[in-house]
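Residue numbers (my numbering): 143 to 565. The structure under discussion appears below in the form of structure tokens.
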Amino acid sequence: MAETITITDDRTGQTVTVPIEGGVFPASAIRSLDPSLFVYDPAYMQTASCKSAITYLDGDNGILRYRGYPIEQLAEKSTFLEVAYLLLHGELPTAEQLSVWHHDVTHHTFIHENMRKRFVDGFHYDAHPMGMFVSALAALGTFYDGAKDIDDPESRHRQILRLIAKTPTIAAMCYRFSVGLPFNYPNNDLSFPANFLSMMWKVGDEYVLDPVLEKAMDVLFILHADHEQNCGTTAMRVVGSSNADPYSSAAAAASALYGPLHGGANEAVVRMLNDIGSIDNVPAFIQSVKDGQGRLMGFGHRVYKNYDPRATIIKQTAYDVFEVTGKNPLLDIALKLEEVALQDPYFIDRKLYPNVDFYSGLIYQAMGFPVEMFTVLFAIPRTAGWLAHWQELLSDNEQKISRPRQWYVGPETRDYVPMSSRV
Ligand code: ACO
Numbered sequence: 143m144a145e146t147i148t149i150t151d152d153r154t155g156q157t158v159t160v161p162i163e164g165g166v167f168p169a170s171a172i173r174s175l176d177p178s179l180f181v182y183d184p185a186y187m188q189t190a191s192c193k194s195a196i197t198y199l200d201g202d203n204g205i206l207r208y209r210g211y212p213i214e215q216l217a218e219k220s221t222f223l224e225v226a227y228l229l230l231h232g233e234l235p236t237a238e239q240l241s242v243w244h245h246d247v248t249h250h251t252f253i254h255e256n257m258r259k260r261f262v263d264g265f266h267y268d269a270h271p272m273g274m275f276v277s278a279l280a281a282l283g284t285f286y287d288g289a290k291d292i293d294d295p296e297s298r299h300r301q302i303l304r305l306i307a308k309t310p311t312i313a314a315m316c317y318r319f320s321v322g323l324p325f326n327y328p329n330n331d332l333s334f335p336a337n338f339l340s341m342m343w344k345v346g347d348e349y350v351l352d353p354v355l356e357k358a359m360d361v362l363f364i365l366h367a368d369h370e371q372n373c374g375t376t377a378m379r380v381v382g383s384s385n386a387d388p389y390s391s392a393a394a395a396a397s398a399l400y401g402p403l404h405g406g407a408n409e410a411v412v413r414m415l416n417d418i419g420s421i422d423n424v425p426a427f428i429q430s431v432k433d434g435q436g437r438l439m440g441f442g443h444r445v446y447k448n449y450d451p452r453a454t455i456i457k458q459t460a461y462d463v464f465e466v467t468g469k470n471p472l473l474d475i476a477l478k479l480e481e482v483a484l485q486d487p488y489f490i491d492r493k494l495y496p497n498v499d500f501y502s503g504l505i506y507q508a509m510g511f512p513v514e515m516f517t518v519l520f521a522i523p524r525t526a527g528w529l530a531h532w533q534e535l536l537s538d539n540e541q542k543i544s545r546p547r548q549w550y551v552g553p554e555t556r557d558y559v560p561m562s563s564r565v
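Encoded structure:
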């Protein structure tokens, strides 16, 4: 039997019955009862703002799939570039499609010299790399005539290639600038993660990369590539819905990611672990969180209320990386925090588990990245997810410019008070 929901407006006695599909019913049901009646839903906790065929997430059961493929299989068997293709095209590529995709992305990695010499050089010497990255994404669009041709599928594809290919170049450039090192040009003979790491770390002509670190970087890119309607992706869709170009929309998404409750969380985790300082201080720190003095960063998730499947993969990746780099001294504090929190009723009752950010910062730090780069590392692969959602948005006939309503709680109309009469 088809599932339905019946809503009655007690003011009028009017009733409407609508189908429930996939756990969702259309808000048009409310509109049909009374077009001036709205649902109050701060932070969109109970609102599905779009239909999407990209990422499936079941928070209660810890399931994450891109286009139907379990994240565990993709992390083990795929590469970030293949996953980016999958997210954008809906299917895994054939060998020929992958080869063309790889060639095309690889040949769009260079950025205009003015981006580096004039734009980036204008930043203050200690500018945060994520602030630079956000601005550089928006600025990048001004270099391409076709950026605004969002209705032309060919131009759209070209901008997508550019954004996916150039984000590692921009990220590395922001880092090199922030530490005063000369910029490394992309090396198109390398894999996507190896090219990024080479642009980050190469000094002189030599750069030798351990394959374990190359694979770890790729796995981290895969795990961060998409996560359905999170804050950043929603920003991408909201700004994209005004028909803004994809560079400006991606800059908005990256700005959302910058916040410590979203992509900035792994930076906050490492700062928190440093502040805790030693295993002995863990119980007191947990108590302070329970007393409401701050949060246990890297714990909790709006959707995952059981475990975050990405956290499980990342924990294993951390051990692989530490085999090469040596153990991050903060690991013991992190493990103790996890152990104590997972046994504490405060965290159990609120269904707070380690999320993807709890261990990713430790890996990044062991690989040599400064904490300021962590959110940038998240933004590189997430660009593929943002663009997949942007593309889906543009081809969805049910979408319009985003424009939620509000519940006005301010004063009623009143007359202007002259200065002399104000108290
Ligand atoms: N530490 C301590 N308490 C927490 C934490 C935490 N990390 N997260 C949630 N809580 C508590 C809240 O205080 C609240 O308690 P209460 O009911 O007694 O008031 C309860 O758990 C529910 O919290 P909400 O804020 O309502 O949960 P929400 O779903 O809105 O928040 C969020 C999700 C923002 C991720 C939150 O868990 C948090 O701030 N975590 C720390 C930051 C973090 O790790 N962010 C990364 C998220 S993953 C990502 O963006 C890639």
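All C-beta atoms in this analysis are idealised placements derived from N, C-alpha and C, irrespective of residue type, glycine included.
Near the ligand ACO: residue i beta-carbon under 6 Å from a heavy atom
i: D499; result: yes
i: L494; result: yes
i: V518; result: no
i: R260; result: no
i: M272; result: no
i: A386; result: no
i: L438; result: yes
i: H531; result: no
i: F441; result: yes
i: R444; result: yes
i: V431; result: yes
i: A407; result: yes
i: L484; result: no
i: L403; result: yes
Which listed residue (the options) has its alpha carbon closest to that of residue i
i: E540; options: I475, F338, S383 and I149; result: S383
i: K447; options: G440, G406, Y495 and L479; result: Y495
i: T197; options: L230, Y182 and I162; result: L230
i: F489; options: T454, V498 and H443; result: H443
i: N385; options: V242, L362, S277 and I292; result: I292
i: P271; options: T146, M143, P512 and T376; result: P512
i: Y327; options: N337, T150, Q533 and F265; result: N337
i: P324; options: V345, P335, P310 and R304; result: V345
i: T517; options: L240, N408, V565 and I149; result: N408
i: T311; options: Q507, L282, S220 and K290; result: L282
i: T189; options: T376, H369 and V158; result: T376
Three-way DSSP call (helix, strand, coil) for residue i in this model
i: L199; result: strand
i: R207; result: strand
i: E233; result: coil
i: E348; result: strand
i: F511; result: coil
i: P560; result: coil
i: P310; result: helix
i: P212; result: strand
i: F441; result: strand
Anticipated Cβ contact below 8 Å, residue i with residue j, distance rounded
i: G204; j: P451; result: 5 Å
i: I306; j: A526; result: 6 Å
i: Y389; j: A453; result: About 32 Å; that fails the 8 Å criterion.
Would you list, in sequence order, the uninterrupted alpha helix (DSSP H) runs of no fewer than 4 residues that lie entirely inside the region 364-428? 373-382, 388-400 and 407-418
Can you list the beta strand (DSSP E) stretches of 3 or more residues lying completely in the region 143-169, in chain order? 146-151 and 156-161
Just to confirm the assignment: which complete alpha helix (DSSP H) runs, minimum length 4, are found wholly within the region 316-342? none
Which ranges would you report for the alpha helix (DSSP H) in the region 495-556 if only whole runs of at least 4 residues count? 499-508 and 516-536
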